[in-house]
Amino acid sequence: MKKLLITASLIFATAGAVWFMQPAADNTDNELSEITVSGSLNTSILILLAEEKGFFAEENLKVNHIEVLAAANAMQNLIAKNADIGVLVDTNVGFIGYQKDVPFKVIASTGTYYTHSLFARKDRGINTPQDLIGKTIGVQPVTAPHFSLDRFLKYHNISIDDVNISYLTSPVAVRSAITSGEADAVIVWDPHRYYALKELGNNVVDFRGNQKVYRVDILLAAHNDAIKNRRQDVDKFLRAIKKAENYLLNNDEEVKLFAGNKIGLKPEVTDSFWDDVNLKLDLNQSHLELVKANGEWIQTTQEGFIGKELPNYEELFDLSFIAELEGN
31 MKKLLITASL IFATAGAVWF MQPAADNTDN ELSEITVSGS LNTSILILLA
81 EEKGFFAEEN LKVNHIEVLA AANAMQNLIA KNADIGVLVD TNVGFIGYQK
131 DVPFKVIAST GTYYTHSLFA RKDRGINTPQ DLIGKTIGVQ PVTAPHFSLD
181 RFLKYHNISI DDVNISYLTS PVAVRSAITS GEADAVIVWD PHRYYALKEL
231 GNNVVDFRGN QKVYRVDILL AAHNDAIKNR RQDVDKFLRA IKKAENYLLN
281 NDEEVKLFAG NKIGLKPEVT DSFWDDVNLK LDLNQSHLEL VKANGEWIQT
331 TQEGFIGKEL PNYEELFDLS FIAELEGN
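Start counting the sequence shown at 31; every next residue gets the next number (the working numbering).
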């Protein structure tokens, strides 16, 4: 089995690059203020919708966007204080919890995605999960699909030592590995999943459908400085996101087309996974439990973290924002 040395320095390579910003004065709701958000397009749909429909403007809030390719990059921007809010996923928080003095708190979730799956080539004799034993599975390391791969194997009682893991550098590389035959199976996000399945045609078995295995939570994290000095701005931001969620409830088809256009996808591609995207602003125990599950996976499988004490992830969650928004 191929091994990958994932060290704390790799995960937090940019953690020391701190930019000091002058704290903004606390604003009243009637004053125009600014906030900077970093996230990828595919994880920022409600944020983009709120901007498009003028919900931030209604809250007297100007939102500056730092677009990134992956949630890990958004977390780096948040740590470096380039952004006040980062759009992360549960695996990011699972890893950062092992660092001391994490400079942000998770304040909300904007959705749960089930938009990746493990699929395999039939011409390699794979028709059931047990047929994966002895085969090569491609995955991008230190990602949500990497965590899901571990959950998939455990769910089907397959030891990690009974498969060969090929660690690849990007979703594009994962997709290429399955279509070229370099890997027997892969696990990857849409739209790369969609394109690979389309290219493979009838020569593929897709082990999709287990929501417990493939669940990924989209998490909003706010820098501690923003929480302390600009809480009203963060509240404005969340109120606008709530308006976007309410708009979605009555305009699903419109929002689906909007999201696809923003991400740069043809309608048929967005159609293929839209039902697996649950956009909702909330934060509850299930989000914390998924982060903890990531932490346990990291603690028992990732070199550089094995044997470390499991972080107290509750300290990284601040449920007060959602409680206030909901009037609790």
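Ideal Cβ positions, reconstructed from N, Cα and C, are used throughout, including at glycine.
In this text, all values refer to a predicted model and were calculated from it rather than measured experimentally.
Distance check between A110 and each of V123, V93, V132, G124 places V132 closest, using alpha-carbon atoms only. Residue T166 holds the alpha-carbon nearest to the alpha-carbon of D214 among T166, L198, T330. Residues of the same chain with a CB within less than 6 Å of the CB of R269, apart from the 5 flanking positions on each side, are E89 in chain order.
Distances from the alpha-carbon of L76 to those of F134, H146, K286 put K286 closest.
Distance from D120 to L249 at the Cβ level is roughly 6 Å; contact confirmed, criterion being Cβ atoms closer than 8 Å.
By the Cβ-count criterion, K184 is exposed, with fewer than 16 other Cβ atoms from all chains shown falling within 10 Å of its own Cβ. Membership of N94 in the beta strand (DSSP E) is indicated by the continuous run 91 to 97. G116 sits buried, since 16 or more C-beta atoms from the chains shown fall within 10 Å of its C-beta. Taking one beta carbon from each stretch, the segment 63 to 78 and the segment 292 to 299 have 3 or more pairs nearer than 8 Å; the two touch. Taking 8 Å as the cut-off, the beta carbon of G127 is found closer than this to the beta carbon of P341.
Residue burial is scored here from C-beta neighbours: I271 has at least 16 other C-beta atoms within 10 angstroms and is therefore classed as buried. The Cβ-Cβ distance between K135 and L355 does not fall below 8 Å. In the displayed model, G69 falls within a strand according to three-state DSSP.
The shortest C-alpha to C-alpha distance from R223 to any of G211, E212, R238 is the one to R238.
Taking E212 as reference, the option from I195, P221, A138, D220 with the minimal CA-CA separation is I195.
Around the beta-carbon of T173, 16 or more other beta-carbon atoms lie within 10 Å, marking it buried. Under the three-state reduction of DSSP, G141 is assigned to strand. At the C-beta level, L349 and L313 come within 8 Å of one another. The bridge partners DSSP lists for I167 are I195, A215.
Per DSSP, the beta bridge partners of K135 are A252. The DSSP assignment places complete alpha helix (DSSP H) segments of no fewer than 4 residues inside the segment 307 to 355 at 315 to 331, 350 to 355, in order along the chain. With the rule of 3 Cβ pairs closer than 8 Å, the segment 255 to 267 counts as touching the segment 80 to 98. Taking the CA atoms as reference points, G357 sits about 10 Å from F351. Setting aside the 5 residues that flank it on each side, T66 is surrounded in the same chain by N94, A113, D114, each with a C-beta closer than 6 Å to its C-beta; the list follows chain order.
Exclusion of the five residues before and after T145 leaves W219, D220, F303, D306, V307 as the residues of its chain whose Cβ lies within less than 7 Å of its Cβ.
Straight through space, the alpha carbons of L91 and G155 are spaced by roughly 56 Å. Following the DSSP letters along the chain, one finds H146 inside the beta strand (DSSP E) bounded by residues 146 to 151. The three-state reading of DSSP puts G84 in coil, since its state is none of H, G, I, E or B.
Checking the DSSP bridge columns, you'll see F237 partnered with L148. Closest by C-alpha distance to V202, out of E275, A353, E283, V169, is V169.
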